[in-house]
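Encoded as structure tokens, the structure appears first; notes follow it.
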Amino acid sequence: MALVTNVTSFGRTGLSDFVLQRVTALVLGAYGLCLVGFFATTDVSHTSLAAFLGGTLMQWFSTAAIVALAVHAWIGMWTVGTDYIRQHAFGAGLGGSAFGLRLVYQFGCVAAIVVYMAWSLTIIWGLA
Amino acid sequence: MKVSIYRFDPDADEKARMQDVEVELPEGRDLMVLDVLELAKSRDPSIAYRRSCREGVCGSDGMNINGKNGLACITPVSEAARGGKLVLRPLPGLPVIRDLVVDMSAFFRQYERVKPYLINDAPPPAEERLQSPEDRAKLDGLYECILCACCSTSCPSFWWNPDKFVGPAGLLQAYRFLADSRDTATTERLAELEDPFSVFRCRGIMNCVNACPRGLNPTRAIGKIRSMLLTEAT
Amino acid sequence: MSRLRRMEFDGLIVGGGGAGMRASLQLAQSGLRTAVLSKVFPTRSHTVSAQGGITCAIGSDDPDDDWRWHMYDTVKGSDYIGDQDAIEYMCSVGPQAVFELEHMGLPFSRTETGRIYQRPFGGQSKNFGKGGQASRTCAAEDRTGHALLHTLYQSNLRVGTTFLSEWFAVDLVTNADGAVVGVVAIEIESGEVVFIQSRATILATGGAGRIYASTTNALMNTGDGVGMALRVGVPVQDIEMWQFHPTGIHGAGVLVTEGCRGEGGYLINADGERFMERYAPTAKDLAGRDVVARSMILELLDGRGAGPDKDHVLLKLDHLGADVLNARLPGILELSRTFAHVDPITEPIPVVPTCHYMMGGIATNVDGQALTQDADGQDVAVEGLYAVGEVACVSVHGANRLGGNSLLDLVVFGRATGIHIEEVMRQGVSYREPGEDDLDRATARLNRWDQSSTGEGVAELKRELQNTMQVNFGVFRTEEHMLAGIETLKDLRRRIGAAHLPDKSRAFNTARLEALELDNLLEVAEATAVVAEGRRESRGAHARDDYQERDDENWLCHSLYFPADRRVAKRGVNFAPKTMEAFQPMERSY
């Protein structure tokens with residue numbers, strides 16, 4: 057049993073976060089390199105880009121990258137929130153405490169991440 | 020020399036203030052910051068700070084000296100002063116009790132949390148437990164911590180989460196027992212550290228290493244704990 | 159004064175150093191309500207500064223080592239006024255106590271076979287002085303005290319000892335029968351005054367090296383326990399015996415361990431001569447500390463001191479090589495670089511004899527019970543009061559302590575006292591109630607300071623006291639100087655009694671603490687002065703110009719100082735160890 061838990065960590069361990077951050081960073085890094093390769097070697101236009109991203113392999117790769125980005129962003133934003141939105145800094149914030157303010161912040165982060173993820177997946181799978 | 024000292028008496032002051040004290044330094048000798056404080060205190064006995072061994076081993080007089088955490092008794096004035104001025108503030112991030120004296124209970128709570136004692140429930144032998152010099156050498160750089168709190172109070176993660184992040188000093192001691200060949204509670208110790216805060220709030224910025232007056236390296240110890248957690252999980 | 163807040167404990171230990179925390183560990187383990195009251199956070203206690211090690215015949219360096227050899231060395235080192243029953247107990251129980259520390263996790267340095275590393279220290283021999291130098295001091299590098307103190311604190315955390323950290327004991331509370339019922343103490347953070355009642359009160363307040371201007375002791379070593387005992391009329395024993403450590407860093411007073419000489423370092427004078435060969439041809443630099451300190455002073459007096467003022471000698475270590483120094487004496491390298499501005503790997507360290515240790519203290523038996531004498535000169539225990547460690551005089555150190563015996567004293571008698579109190583509590587001891595007057599008496603001096611409105615300041619009076627002791631009661635003592643010192647101290651007593659505390663604030667008022675400490679320094683200093691003048695011989699650390707010889711006929715005994723009438727009484731030395739013949743006094747040479 058871990059000594060420190062937090063309702064909004066959804067029972068994750070620091071170790072899993074630590075590993076996920078690094079694994080998702082690797083996926084994003086590889087995806088980024090792939091895009092850089094495309095931009096460097098191809099005469100970029102909407103058509104060529106759509107053709108490149110519309111291939112089945114690339115569609116799956118993009119999906120992996122989008123999910124990785126969502127996970128990476130959530131862990132990162134959650135960490136930032138638990139670092140900076142603190143009682144001693146905000147005292148009685150929204151909902152009576154920094155806790156309430158943090159919940160609002162976290163809800164905002166989750167909403168943005170989900171919306172962006174859905175939007176980008178729609179775009180990717182709408183190609184071809 | 021001008022010494023600017025953080026002053027706050029909870030019974031008399033609404034807010035803290037900086038007090039300038041003029042101290043005459045003896046010629047030809049490089050004093051330690053603590054010596055200067057003692058001179059200032061002989062002028063104004065109401066200045067409060069902790070001190071004891073005056074040789075850097077008891078860990079009492081950790082304070083913020085011209086912006087850097089250190090022990091007053093082993094910090095030479097010549098190294099610390101900027102523009103002929105010494106600015107002394109309490110260790111940052113902990114509540115101030117009075118003047119340069121901070122409330123260290125949050126710091127000690129984190130130390131206690133890591134179970135800083137040898138756990139080995141096997142009946143001990145009639146003599147000492149044997150330990151090879153190589154195994155003993157693994158404790159060097161760990162057991163020498165003097166709990167002065169210079170490291171943890173220079174760590175932003177500890178400022179933000181003093182109740183959840185163990186902090187460099189506590190983690191150094193956590194690793195001191197993880198690394199001890201005589202300790203048998205490795206699994207339990209690691210299990211208590213795997214949450215998102217206790218160890219993993221360390222961002223590796225190494226302020227602790229920079230601040231430690233004993234030259235210890237908590238960041239390295241934290242890295243080793245992370246490796247042990249990874250190994251344990253796989 | 160029933161308005162004082164009241165707390166209750168079975169065992170109250172005043173002082174959180176090695177002795178106090180070893181005693182508290184024993185008590186807390188047995189389920190007694192145990193509190194350690196300490197004016198600093200416990201790991202800041204002065205035990206932390208002990209460097210070289212803990213001497214004990216554990217048979218690691220030499221499997222044939224024998225605790226009786228250690229006992230012989232200790233008796234000889236004490237110049238024969240150490241109590242032999244106590245020394246026998248310490249040396250024979252020592253190995254058990256040291257192994258327990260190892261089991262608690264103390265990170266001892268190790269030999270190739272994995273046993274505890276032992277180094278040679280001064281005054282150590284094999285086979286009752288006939289078998290050459292022994293290596294008997296168990297070490298954790300040169301930070302043994304630090305390792306020991308932290309280990310004990312950690313063990314106490316494990317068993318749930320209550321820590322009253324940063325509390326200052328003002329005075330003992332005694333009842334009409336003269337029994338100790340607890341202490342009046344200040345919680346430093348808030349300034350609140352509290353009466354802590356206890357079934358057993360254990361003084362473990364350490365030494366009082368700060369009565370001297372130059373000392374290896376921490377700034378807080380102000381003899382609070384001695385002061386408290388004397389103020390309630392409990393006598394102190396052998397208080398004239400002050401150890402001057404041969405190697406304090408010149409100018410700074412910081413200690414350089416005897417382990418330096420144990421590892422092969424030696425002292426040289428301005429001519430580069432290894433002068434200890436002349437004073438102690440056999441043991442040389444590892445003779446008793448009193449012998450080495452006196453030899454150093456004689457070198458200085460003969461004009462062979464080093465430096466522009468010819469006021470120190472040099473400790474040479476460079477021939478040991480960087481590897482040995484880094485592995486065995488890393489702390490000394492740091493301290494030398496910081497405080498002497500020399501790197502021992504290439505240059506010698508400037509050193510002078512520096513006040514280091516109080517051999518005397520509250521007389522106790524092996525169980526730690528504080529003793530006084532009745533009208534017939536018979537020992538009687540002070541009910542409810544115990545003392546352990548440097549504040550106590552068991553007496554295992556007599557007139558001169560051997561290096562490495564201090565840490566052993568702490569753990570052996572801390573443990574023994576704990577065991578004894580456990581036993582006593584099992585048989586049933588109730589809390590003793592103080593009367594109103596008793597509490598008033600214990601808060602009187604605190605009130606005196608708090609109500610002072612004019613008078614001299616604390617810092618100046620303290621400086622004067624320290625200089626008086628330094629000049630008149632140093633390594634060599636003369637009648638003339640001692641009498642002058644006693645007069646000055648009388649005057650200081652009057653002035654300190656009328657001194658002024660300008661800062662009356664409550665929260666963390668360190669000025670108030672320093673005022674209260676000054677009272678304690680004065681008690682220790684005056685006792686030292688009166689008894690030093692009274693002991694008309696030279697023995698161990700007490701060296702007089704006018705009585706240069708040891709006088710076994712008149713002074714093979716403890717001194718006992720009674721504060722009420724400043725009387726010096728004599729108390730017999732124990733020559734009755736339980737398991738062997740006593741060692742009889744012989745000429746002491748190294």
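Residue numbers (the working numbering), protein chains in the order written: chain P, 57 to 184; chain Z, 20 to 253; chain X, 159 to 748. From the three backbone atoms N, C-alpha and C, an ideal C-beta is built for every residue, glycine too.
* Chain-ordered chain Z contacts of threonine 668 (chain X) [CB-CB under 7 Å] -> Those are Ala67, listed as they occur along chain Z.
* To do: Assign glutamine 536 (chain X) to buried or exposed, taking buried as 16 or more other Cβ atoms, counted over all protein chains shown, within 10 Å of its Cβ.
  => With fewer than 16 other Cβ atoms from the protein chains shown falling within 10 Å of its own Cβ, glutamine 536 (chain X) counts as exposed.
* Asked: Between the segment 149 to 165 of chain Z and chain X, which residues of the former have CB atoms less than 7 Å from a CB of the latter, in chain order?
  -> Under the 7 Å Cβ criterion, the segment 149 to 165 of chain Z contributes Leu149, Gln150, Ser151, Pro152, Arg155, Leu158, Tyr162, Glu163.
* On a CA-only basis, which of X:Gly263, X:Lys288, X:Phe279 is nearest aspartate 268 (chain Z)? Give me that one, please. => It is not possible to answer for residue 268 (chain Z), since the shown part of chain Z is limited to 20 through 253.
* To do: Go ahead and pull the three-state DSSP assignment for histidine 499 (chain X).
  => Looking at histidine 499 (chain X) - three-state DSSP - the assignment turns out to be coil, as it is neither helix nor strand.
* Asked: Looking only at its own chain, which residues have a Cβ that is under 7 Å from the Cβ of methionine 179 (chain X), when we skip the five neighbours before and after it?
  -> Leaving aside the five residues that flank methionine 179 (chain X) on each side, the residues in its chain whose CB is nearer than 7 Å to its CB run, in chain order, Val194, Pro200, Leu310, Tyr311, Asn314.
* Compute the minimum distance between the beta carbon of glycine 88 (chain P) and the heavy atoms of the ligand ATP, and state whether it is under 8 Å. => By its list of ligands, the structure shown contains no ligand whatsoever, and the ligand ATP lies outside what it can speak to.
* Give the DSSP-derived three-state secondary structure of alanine 539 (chain X) in the structure shown. => Alanine 539 (chain X): strand per DSSP, three-state reduction.
* Taking glutamine 209 (chain X) as part of the beta strand (DSSP E), name the residues at either end of that continuous run. => No beta strand (DSSP E) contains glutamine 209 (chain X), which DSSP labels as neither H nor E.
* Asked: On the three-pair Cβ rule with 8 Å, is the segment 165 to 182 of chain Z touching the segment 116 to 132 of chain Z?
  -> Touching, yes, given that three or more Cβ pairs across the two stretches are closer than 8 Å.
* Asked: With 9 Å set as the bound, which would you pick, yes or no: does the beta-carbon of serine 61 (chain Z) sit closer than that to a beta-carbon of chain X?
  -> It does; some Cβ of chain X falls within 9 Å.
* Please classify histidine 555 (chain X): does DSSP put it in a helix, a strand, or coil? => Correct three-state label for histidine 555 (chain X): coil.
* **Near-chain Z residues of the segment 173 to 205 of chain X - C-beta to any C-beta below 8 Å** => Listed in sequence order: Val198, Phe199, Thr201, Arg202, Ser203, His204.
* To do: May I have the straight-line CA-CA distance separating serine 663 (chain X) from alanine 539 (chain X), to the nearest angstrom?
  => Between the alpha carbons of serine 663 (chain X) and alanine 539 (chain X) lies a distance of about 39 Å.
* **Minimum Cβ-Cβ distance from arginine 158 (chain P) to chain Z less than 9 Å** => Answer no: the Cβ-Cβ gap between arginine 158 (chain P) and chain Z never drops below 9 Å.
* Taking aspartate 73 (chain P) as part of the alpha helix (DSSP H), name the residues at either end of that continuous run. => Aspartate 73 (chain P) -> alpha helix (DSSP H) spans 70 to 97.
* By Cβ distance below 7 Å, which residues in the same chain neighbour leucine 235 (chain Z) in space, the five residues on each side in sequence not counted? -> Correct list, in chain order: Gly160, Glu163, Cys164, Leu191.
* Asked: Which residues in the same chain have their Cβ closer than 7 Å to the Cβ of glutamine 527 (chain X), if we skip the five residues on either side of it in sequence?
  -> Contacts found: Ala539, Tyr544.
* So, is isoleucine 455 (chain X) buried or exposed, given that buried needs 16 or more other C-beta atoms within 10 angstroms? -> Classification of isoleucine 455 (chain X): buried, given that the 10 Å Cβ count is 16 or more.
* In terms of residues, what are the limits of the alpha helix (DSSP H) holding asparagine 625 (chain X)? -> Where asparagine 625 (chain X) is concerned, the enclosing alpha helix (DSSP H) stretches over 616 to 630.
* How many angstroms separate the CA atom of alanine 396 (chain X) from the CA atom of methionine 517 (chain X)? -> Correcting the residue identity first, residue 396 (chain X) is aspartate in this sequence and not alanine. In this structure, the alpha-carbon of aspartate 396 (chain X) lies about 7 Å from that of methionine 517 (chain X).
* To do: Examine chain P for any beta-carbon lying closer than 9 Å to the beta-carbon of leucine 113 (chain Z), and answer yes or no.
  => It does not: the Cβ of leucine 113 (chain Z) has no partner Cβ on chain P nearer than 9 Å.
* Could you check if isoleucine 224 (chain Z) is buried or exposed, using at least 16 other CB atoms within 10 Å of its CB as the buried criterion? => So isoleucine 224 (chain Z) ends up on the exposed side.
* Asked: Can you tell which of X:Leu679, X:Leu674, X:Glu457 has the C-alpha that lies nearest to the C-alpha of serine 610 (chain X)?
  -> The shortest CA-to-CA distance from serine 610 (chain X) to any of X:Leu679, X:Leu674, X:Glu457 is the one to X:Leu674.
* **Inter-residue CB distance, isoleucine 84 (chain Z) and aspartate 118 (chain Z) (contact presumed, cutoff 8 Å)** => Actually they do not touch by this definition, with Cβ atoms about 14 Å apart.
* Exposed unless 16 or more other CB atoms sit within 10 angstroms - verdict on proline 265 (chain X) -> That one is buried.
* **Cβ-based neighbour list, glutamate 672 (chain X), same chain, cut-off 7 Å, excluding 5 preceding and 5 following** => Result list for glutamate 672 (chain X): Val616, in chain order.
* **Straight-line gap, alanine 366 (chain X) to alanine 410 (chain X) (C-alpha atoms, nearest Å)** => If I take the Cα positions, the gap works out to 18 Å.
* Under 6 Å Cβ to Cβ from phenylalanine 733 (chain X), same chain only, skipping five residues before and after it: list those, please. => Apart from sequence neighbours up to five positions away, the residues of its chain that approach phenylalanine 733 (chain X) with a beta-carbon distance below 6 Å are Gln242, Ala740, ordered along the chain.
* **Coil, strand or helix - methionine 262 (chain X) by DSSP** => Of the three classes helix, strand and coil, the one that applies to methionine 262 (chain X) here is helix, per DSSP.
* **Residues bridged to cysteine 715 (chain X) (per DSSP)** => Per DSSP, X:Gly730.
* **Whole-angstrom C-beta distance between valine 414 (chain X) and valine 509 (chain X), which should lie under 8 Å** => Confirmed, Cβ separation roughly 6 Å.
* Any idea if histidine 716 (chain X) is buried or exposed, counting beta-carbon neighbours within 10 angstroms, 16 or more meaning buried? -> Around the beta carbon of histidine 716 (chain X), 16 or more other beta carbons lie within 10 angstroms, which makes this residue buried.
* To do: Can you give me the Cβ contacts of glycine 290 (chain X) inside the same chain, cut-off strictly under 8 Å, excluding the 5 residues immediately before and after it?
  => Leaving aside the five residues that flank glycine 290 (chain X) on each side, the residues in its chain whose CB is nearer than 8 Å to its CB run, in chain order, Ser283, Lys284.
* Three-state class that DSSP yields for glycine 340 (chain X) in the structure shown -> Strand at glycine 340 (chain X).
* Considering threonine 295 (chain X), what are the terminal residues of the beta strand (DSSP E) in which it resides? -> Threonine 295 (chain X) -> beta strand (DSSP E) spans 291 to 296.
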